[in-house]
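Here the structure is laid out as structure tokens; the discussion comes afterwards.
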Amino acid sequence: MSLPTVCYRCKRRYRDDYRARCACGEPVWFDHESTAFDLSSHRDETGMWRHAELLPIDVPDGIATAAGDTPLIRSRRLDEVAGCRVYVKDEGENPTGSYKDRGSAVAVPQAIQQGTDVVGTVSYGNMALSTAAHAASLGCECVVLVPADISPGRLELIAQYGPTILRVEGDYSKLYDEALQLTRDLPISFLLSDAPGRISGYKTALFEIYDSLYPEIPDAIALPASSGGFASGVWRGILDLQHAGVIDSPPRLYLIQTAASDPITRAYTADQDEVSALAPDAVGETIAHSIGNPDPPSGTRALTAVGETGGAVCSVTDDEIRDATRQFAQRGGFCVEPASATPLAGVRHLTRRGEIDEDETVVLLPTGTGFKELGTGTASIQTETVSRTALSSRLESLLSS
């Protein structure tokens, strides 16, 4: 039996297994809450499934159970960069290296339980990897739609899990709506960025933050924003904890975008209630390609989450992202992809303009590992060569300088 879905905005309810959007145009999520939820009763268990009573399916078998349970690390040397007390929730330690595993761990087995034999997604990055991996672990066929000009390196990463990969010519940005229609027309379930099952999985990151800090409560949470799906999931987690009486007031949500493609930031700055798609000539190139979404399907829901929690949205440049990536590595010991460095760069902006105080606790959510971005052999690395016989004297000179 499927759970009902509900629109966060107009509250319309549905009993359609494959519905992703409301008639009003906004995305839906599962209408599933529990008043019996108690953080302290879960501390001896592991994995995202210790919060199963707040998820729409029972625990599945396979790799799906490995998602979640990522570390929350107090990173004092990053305080100097961010200007506040920093914790890092490292989502790069999920099975395929990103937070997408939380969503796939719920959405893929749920689709199978609803009777589908084939799942699919529209992605050439983390969501493609995650969906294909979870489908493989559960013996389900998977189809991945990628752009025709996808790089060989990305194809290799996706192909290791054995999905059918279709290069799609034409306007790749139009595939979101077309995939929703294909789910209704064909025996395939496309699990897109804001599928209700994914949102349910994403909210477990919020539960784990509270698990780890309990009984302390973070003042704010900062995360990258692209489609708005992860922000929606974190907000839904906040609402669940409020409904269960675990927290009274929510942490402020800060969403960080790349300045090259920042429709949510523009809507926030203009004090608008809805996010509009950017015109093609308003979109630039960025190293944070995974969040360069000019038409986020859950953008308005993410913007609403910011407003409801008293947070903010800001954008950062590629140079700021590069610097934050280095700071994550050299001060925190974290290897993050460029999009995942944006929360650190964004929080530095927010503290400098007085929106975050230096004594406040902020959880940064880097969403994916940087290791998948490395190993191309194209980076410029400064080194020197020294003979073994001269090694001691060279070290001595370095230590005395």
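For the sequence shown, my numbering gives the first residue as 1, with consecutive numbering after it.
Idealized CB from N, CA, C, for every residue including glycine.
V386 burial status per 10 Å Cβ neighbour count (16 or more: buried): exposed
Anyone know if the C-beta pair for L129 and I165 falls short of 8 angstroms? No.
Under three-state DSSP, which class holds S123? coil
Identify the continuous beta strand (DSSP E) that holds P224 and give its terminal residues. Start and end: A220 to P224.
What is the rounded straight-line gap between the Cα of R12 and the Cα of A132? 32 angstroms
Which two residues bound the contiguous alpha helix (DSSP H) that contains S315? Where S315 is concerned, there is no enclosing alpha helix (DSSP H), although the beta strand (DSSP E) it sits in stretches over A312 to V316.
Per DSSP, what kind of secondary structure is S402 in: helix, strand or coil? Absent from the model: residue 402. The displayed extent of the chain is 1 to 401, so no value can be given.
Exposed or buried, D61, counting other C-beta atoms within 10 Å across all chains shown (16 or more means buried)? exposed
Contact between the region 277–296 and the region 208–218 is defined here as three or more beta-carbon pairs at a separation below 8 angstroms; is this criterion met? no
Tell me which residue opens and which closes the alpha helix (DSSP H) that Y207 is part of. For clarity, residue 207 is Phe in the given sequence; the question names Tyr instead. Counting along the chain, the alpha helix (DSSP H) containing F207 begins and ends at P196 to L213.
Does DSSP put Q330 in a helix, in a strand, or in coil? Reduced to three states, the DSSP call for Q330 is helix.
If you draw a straight line from the C-alpha of M1 to the C-alpha of I57, how long is it? Since pLDDT at M1 reaches only 46, below the 50 mark, its modelled position is unreliable, and no value is offered.
In chain order, which continuous runs of the alpha helix (DSSP H) of length 4 or greater are located wholly inside the region 248–326? 263–269 and 299–309
Taking the straight line between their C-alpha atoms, what separation do you get for P187 and R167? When the Cα atoms are used, P187 and R167 turn out to be separated by approximately 20 angstroms.
Hey, which unbroken runs of the alpha helix (DSSP H) at 4 residues or more fall wholly within the region 100–186? 100–113, 126–137, 152–159 and 175–185
Using the rule of at least 16 other Cβ atoms within 10 Å of the residue's Cβ for burial, across every protein chain shown, is R326 buried or exposed? exposed
Looking at the unbroken alpha helix (DSSP H) that takes in R76, where does it start and where does it end? R76 to A82
Opposing strand residues paired with L29 [DSSP bridges]: Strictly speaking, residue 29 in this sequence is Trp, with Leu absent from that position. Looking at the DSSP assignment, W29 forms a beta bridge with V6.
Can the beta-carbon of T116 be found less than 8 angstroms from the beta-carbon of S189? Yes, these two residues count as a Cβ contact at 8 angstroms.
Between the CA atoms of D16 and L241 - distance to the nearest angstrom: About 26 angstroms.
Reduced DSSP category for I57 - H, G, I as helix; E, B as strand; rest coil: In this structure, I57 counts as coil in the three-state DSSP scheme.
Of the choices R184, C22, R301 and Y87, whose alpha-carbon is the least far from that of L78? Y87
Quick check on DSSP: helix, strand or coil for G368? strand
Counting only the same chain and skipping the five closest in sequence on each side, list residues whose C-beta sits under 7 angstroms from that of A195. Short of 7 angstroms from the beta carbon of A195, and not among the five residues preceding or following it, lie these beta carbons of its own chain, in chain order: A20 and A107.
Proximal residues to G92 (C-beta, below 6 angstroms), its chain only, five neighbours per side dropped: G368 and T369
Taking V347 as part of the alpha helix (DSSP H), name the residues at either end of that continuous run. P338 to R352
Which first and last residues belong to the alpha helix (DSSP H) in which R85 is found? Unbroken run through R85 is the beta strand (DSSP E), R85 to K89; no alpha helix (DSSP H).
Does T361 come out as helix, strand or coil in the three-state DSSP assignment? strand
Are the beta-carbon atoms belonging to G83 and G201 less than 8 angstroms from one another? no
Identify the residues that DSSP records as bridge partners of Y14: which are they? Per the DSSP secondary-structure output, Y14 pairs in a beta bridge with T5.
From Q257, K100 and C10, residue whose alpha carbon lies closest to that of A225: Q257
Given a cut-off of 8 angstroms on the beta-carbon distance, is the pair V316 and G292 in contact? no
Please report the straight-line C-alpha distance between Y254 and T342, rounded to a whole angstrom. 11 angstroms
Measuring straight from C-alpha to C-alpha, what distance separates V283 and D295? 10 angstroms
Leaving out five residues on either side along the sequence, give the residues of the same chain with a beta carbon under 8 angstroms from the beta carbon of L418. The displayed coordinates of the chain run from 1 to 401. Any statement about residue 418 would go beyond what the structure contains.
Please classify R388: does DSSP put it in a helix, a strand, or coil? coil
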